[in-house]
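Student: If you use mature numbering (1 follows the signal peptide of the UniProt record, and there is no 0), the sequence shown corresponds to residues -25 to -1, 1 to 638, in order.
Backbone N, C-alpha and C define an ideal beta-carbon position, used for all residues, glycine too.
Predicted model, so just to flag it, every value in this text is computed and none were measured.
Encoded as structure tokens, here's the structure I'll be asking about.
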Amino acid sequence: MKTTTNFSRRLLASGVSCLLGLAVAACGGGGDADPKVTTGATNDAATMKAIAAVSLPTTYSIVNLAGSGWATPNGINSSGQVAFRDFGGVPYEHAKFYDGTTVQDLGTLGIGIASMSTAVNNSGQVTGWSFTGLGPYHAFVWSQAGGMSDIDPVASSYSQPAAINNIGQVVGWFANPYGRAFSWTAAGGQLDLGAPGQVYAYAVAVNDLGHVVGDAASASGYNHAFRWTAAGGMVDLGALGSIWSSAVGVNNTGLVAGTSPGAGVVHAFAWTQAGGMIDLDALSVNGASYSTAVGDGGHIVGYCYPPSGPYPRGFVWTAATGMVAVGTSGSYSILRAVNKNGHAVGITFDSTFTPHAGVWTQQDGLIDLNTRVPGAPPGLILYEGLAISDNGSIVASSNAGLLLLKPGVVSSAAPAVGPIAVNDPVALGSPVSLSASFTDSDSGDTHTATWSWDDGGAAVAGTVSESNGAGSVTGSHTYGAAGVYTVSTTVTDNTGRSSTVSRNVVVYDPSAGFVTGGGWIMSPAGAYKSDATLAGRANFAFVSKYKKGATTPTGNTEFQFQAAKLNFHSENYDWLVVAGARAQYKGSGTINGTGDYSFLLTAVDGNLVAKGTPDRFRIKIWHYDADAKADVVDYDNQLSSSSDGTVNEGTVIGGGSIVVQKN
């Protein structure tokens, strides 16, 4: 949460900040009337020097949060409590909250089928949105004492919050009809922040002074970043000599971070009331740079495309240091979040292009977090750092799902469970064999385990082998129908503390032509059309086949691009074509449990091309825009049409397998 929503009245000061035009009142700027809030954010020279001296923990302990989930940079507070989305809800995803000890399901509003969390403040208040029935979704605020409350402004059909500050102020957008930015407080209720030209606006962040930032469109149709205050209303922050700009966050000094094209090239920017908007990019030359977060220590983080290589590199910017690239020349990294100490987390890639979670400090440089978890279960890989608390706790994605990394060795804790290994895809009628390893910081604990198969049957006991608190659990199950199943195992210690992990298992029917697969790809920048800057790991699991005598295929398709919070699901297919090593099928489905989206999935079985050839995967998702009277593409990981219709179509999978068979 500290990356965009925790802020103070202390002003930017000292010589370097003034020379760069990045100070507020202390360097000649004025200010709006602010609430009486003190949080400790600063950018003075003495504090910046102290921040630079804060080193990383040498070890972290692991807490399993969800078998498949996601958290935003605002999803962790200063004490390490976490608000997150659990994609493995039954049957839909739910907002959940880790209170420092246990995970709580926050439920839904009314008879809603799903809920999602976006942010948590230092008091443990969570904001997010929930479906209220089968259609509309509304913004909510949740607390331990008050439960979940609907805060939808003016009874609109849809509303979605982005952030909550430490005084309980929530900001986001609501439909009216295209979208309006709103602010909400318990005392004052909803406030429409307006929209230039009455087109649309949405808020993305708020600081503890009540300064709101976001994007707004004028009648020209181009977005501009804005800042809103109670005293000054909505103010256009301008652009870097171009037609659009976009804000990502604001810190407690009022420092705003965002992105805007300069001379035709997108660059990260910083904005203050005194200095206005400046271009931060000193690395990419003719490439691009993107801000992702801003912290209370005056750090702006993101990624850029330097001339030293084709891949993005994470960057950290301060008024004192300017833009500094992380990692080594030619490496690939993206920074997602930063805390008040200047510790930034994100993703980096090794020589085999495997994603690893990374953390950066000025003192330590870029560190692979996998080297700081000596008590990790065998086989666990941390893929990406998603959020970081001021106390050093880190939310990370992994091959075992969503995790929390707590500094040091934590005793009297639940066991840490690694990824589930499975022999899928498996033919219908053949047993599915699964195993998972676990460790426990309390070496004297003993453990039991259960397996849940997602086919309507009761959970069954797993077979546990262990020594000194560490071991493994195994299980086997034979399914009665083909499909994609979410299998989970729960490991419980002798004190009742437990952890659960899950994964998809693909079961196919070999008696008919089919295509099936499960694994992940690295989704490239440009694939997600609403935000072309997003890139990262995307998981898939699917099966499509014709039953005997059927004219349309059947099966399930799951696709999750976590960086975009996109969770696509389908059980409705139109047709399936299997031709040699390549299979393609079309159907319709939902994103995050709602909507009517068409999709086309293409899969290539590399072993049918030539032994040792990697499998490839492509999914294109689109919807029909009634106003434009045209199809609008939402996602497509094929950025060029040059390989359409060939065995080179799609993206090489990073893990898993694809099987194509024609009988």
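Please state if the CB of N314 and the CB of I363 are separated by a distance shorter than 7 Å.
Tutor: Along the sequence shown, one-based indexing puts residue 363 at 388. Along the sequence shown, one-based indexing puts residue 314 at 339. Yes.
Student: Report yes if the CB atom of F534 is closer than 7 Å to the CB atom of I594, and no otherwise.
Tutor: Start at 1 with the first residue of the sequence shown, and residue 534 comes out as number 559. Start at 1 with the first residue of the sequence shown, and residue 594 comes out as number 619. Their beta carbons are under 7 Å apart, which means F534 touches I594 by this criterion.
Student: Of all the options V269, G340, P285 and A294, which has the alpha carbon lying nearest to the alpha carbon of G302?
Tutor: Counting from 1 along the sequence shown, the entry for residue 302 is found at position 327. Per the Cα distances, G340.
Student: Taking the runs of the beta strand (DSSP E) that are 3 residues or longer, which of them lie wholly in the region 349 to 383?
Tutor: If we require 3 residues or more, the beta strand (DSSP E) runs fully inside the region 349 to 383 come out as 357 to 363, 369 to 373 and 376 to 382.
Student: What is the DSSP secondary structure of R472, counted as helix, strand or coil?
Tutor: Mapped onto the sequence shown, residue 472 falls at position 497. Of the three classes helix, strand and coil, the one that applies to R472 here is coil, per DSSP.
Student: Have a look at P485, D484, D602 and G511 and flag the residue whose alpha-carbon is nearest the alpha-carbon of W495.
Tutor: By one-based count along the sequence shown, residue 495 stands at place 520. The candidate whose alpha carbon is nearest that of W495 is G511.
Student: Is D619 near the ligand MN, judged by its Cβ being under 6 Å from some heavy atom?
Tutor: Summarising the ligand content, the structure contains no ligands, and the ligand MN is consequently not present.
Student: Report yes if the CB atom of M298 is closer than 7 Å to the CB atom of L258, and no otherwise.
Tutor: Residue mapping note: residue 298 aligns to position 323 of the sequence shown, counting from 1. Residue mapping note: residue 258 aligns to position 283 of the sequence shown, counting from 1. Yes; because the gap between Cβ atoms is below 7 Å, this pair is in contact.
Student: Report the rounded CA-to-CA distance for N96 versus V627, giving the unit in angstroms.
Tutor: Here residue 96 refers to the residue found at position 121 of the sequence shown. Here residue 627 refers to the residue found at position 652 of the sequence shown. Their backbone Cα atoms lie some 40 Å apart in a straight line.
Student: State the DSSP-derived secondary structure class of N582, mapped to helix, strand or coil.
Tutor: Looking up residue 582 in the sequence shown gives position 607. Three-state result, N582: helix.
Student: Touching or not, the region 493 to 509 and the region 627 to 636, by the rule of three or more beta carbon pairs under 8 Å?
Tutor: With the cut-off at 8 Å, the region 493 to 509 and the region 627 to 636 touch.
Student: Quick check: V145 and T102, are their CB atoms within less than 7 Å of each other?
Tutor: For this step, residue 145 is matched to residue 170 along the sequence shown. For this step, residue 102 is matched to residue 127 along the sequence shown. Against a cut-off of 7 Å, the Cβ pair of T102 and V145 comes out as a contact.
Student: Quick check: what's the CA-CA separation for T438 versus D399?
Tutor: Within the sequence shown, the letter at position 463 stands for residue 438. Within the sequence shown, the letter at position 424 stands for residue 399. One C-alpha to the other measures close to 20 Å.
Student: Tell me whether N39 sits in a helix, a strand or coil according to DSSP, three-state version.
Tutor: Position 64 of the sequence shown holds residue 39. DSSP places N39 in strand when its eight states are reduced to three.
Student: Could you pull the DSSP bridge partners for V392 from this structure?
Tutor: Position 417 of the sequence shown, counting from 1, holds the residue named residue 392. Paired residue(s): F413.
Student: Which one of G419, V392 and V334 has the shortest CA to CA distance from P382?
Tutor: On the sequence shown, position 407 is the one that residue 382 refers to. Among G419, V392 and V334, the Cα nearest to that of P382 belongs to V334.
Student: Please state the DSSP three-state secondary structure of L344.
Tutor: To locate residue 344, count along the sequence shown from 1; it is residue 369. Residue state, collapsed to three classes: helix.
Student: So, with DSSP's three-state summary, where would you put Q537?
Tutor: Here residue 537 corresponds to residue number 562 of the sequence shown, with the count starting at 1. Correct three-state label for Q537: helix.
Student: Would you list the residues sitting across from V490 in a DSSP beta bridge?
Tutor: In the sequence shown, the residue the question calls residue 490 occupies position 515. Per DSSP, S519 and V635.
Student: With a threshold of 6 Å on Cβ separation, who are the neighbours of T532 within its own chain once the five nearest residues in sequence on each side are excluded?
Tutor: Numbered from 1 along the sequence shown, position 557 holds the residue referred to as residue 532. For T532, where only same-chain residues beyond five positions count, the Cβ hits under 6 Å are F517 and S545.
Student: Which residues in the same chain have their Cβ closer than 7 Å to the Cβ of K11, if we skip the five residues on either side of it in sequence?
Tutor: As a first step, residue 11 is located in the sequence shown; it is residue number 36 there, counting from the start. Because the pLDDT of K11 is 33, which lies under 50, any placement of that residue in the model is unreliable, and the question is left without a value.
Student: Ordered along the chain, which non-local residues of its own chain (more than five positions away) have a Cβ less than 8 Å from that of N366?
Tutor: The residue given as residue 366 occupies position 391 in the sequence shown. Hits under 8 Å: S53, S54, G55 and P382.
Student: Looking only at its own chain, which residues have a Cβ that is under 7 Å from the Cβ of S618, when we skip the five neighbours before and after it?
Tutor: Position 643 of the sequence shown, counting from 1, holds the residue named residue 618. Counting only Cβ-Cβ distances below 7 Å, and skipping sequence neighbours, we find E624.
Student: Do you know how far the Cα of D580 is from the Cα of K586?
Tutor: Mapped onto the sequence shown, residue 586 falls at position 611. Mapped onto the sequence shown, residue 580 falls at position 605. If I take the Cα positions, the gap works out to 10 Å.
Student: Tell whether a beta-carbon distance below 7 Å holds between V481 and G493.
Tutor: As a working mapping, residue 481 is identified with position 506 in the sequence shown. As a working mapping, residue 493 is identified with position 518 in the sequence shown. Contact: yes.
Student: Helix, strand or coil for E441, going by three-state DSSP, please let me know.
Tutor: The residue you call residue 441 lines up with position 466 of the sequence shown. DSSP places E441 in strand when its eight states are reduced to three.
Student: Mind checking V179: buried by the 16 CB within 10 Å criterion, or exposed?
Tutor: In the sequence shown, residue 179 corresponds to position 204, counting from 1. V179 comes out buried.
Student: In chain order, what residues of the same chain lie with their CB nearer than 6 Å to the CB of A8, ignoring the 5 residues before and after it?
Tutor: Working through the sequence shown from its first residue, we reach residue 8 at position 33. In this prediction, A8 scores a pLDDT of 36, lower than 50, which makes its location untrustworthy; the coordinate-derived value is nonetheless stated afterwards. Taken in chain order, the residues that qualify are A206.
Student: In chain order, which beta strand (DSSP E) runs of at least 3 residues are fully inside the region 70 to 157?
Tutor: Complete beta strand (DSSP E) runs here, min 3: 78 to 80, 90 to 95, 101 to 106, 112 to 118, 122 to 125, 134 to 139 and 145 to 149.
Student: Buried or exposed for I596, please, with buried defined as at least 16 other CB atoms from any protein chain shown within 10 angstroms of its CB.
Tutor: Numbered from its first residue, the sequence shown carries residue 596 at position 621. I596 should be labelled buried.
Student: In whole angstroms, what is the alpha-carbon distance linking T491 and Y548?
Tutor: Translated into the one-based positions of the sequence shown, residue 491 becomes position 516. Translated into the one-based positions of the sequence shown, residue 548 becomes position 573. When rounded, the distance between both Cα atoms is 14 Å.
Student: Mapping the DSSP letters down to three states, classify G169 as helix, strand or coil.
Tutor: Residue 169 sits at position 194 when you count from the first residue of the sequence shown. Residue state, collapsed to three classes: strand.
Student: Out of curiosity, what's the CA-to-CA distance linking G185 and G50?
Tutor: On the sequence shown, residue 185 is found 210 positions in, with the first residue counted as 1. On the sequence shown, residue 50 is found 75 positions in, with the first residue counted as 1. Rounded to whole angstroms, G185 to G50 spans 19 Å at the Cα level.
Student: Can you tell me which of the three DSSP states H199 falls into?
Tutor: Working through the sequence shown from its first residue, we reach residue 199 at position 224. Correct three-state label for H199: strand.
Student: Would you say T323 and S308 are within 7 Å of each other, going by their C-beta atoms?
Tutor: On the sequence shown, residue 323 is found 348 positions in, with the first residue counted as 1. On the sequence shown, residue 308 is found 333 positions in, with the first residue counted as 1. Contact: yes.
Student: Where does residue 687 sit, in a helix, a strand or coil, going by DSSP?
Tutor: Given that the chain is displayed from residue -25 to residue 638, the structure contains no residue 687 and the question cannot be resolved.
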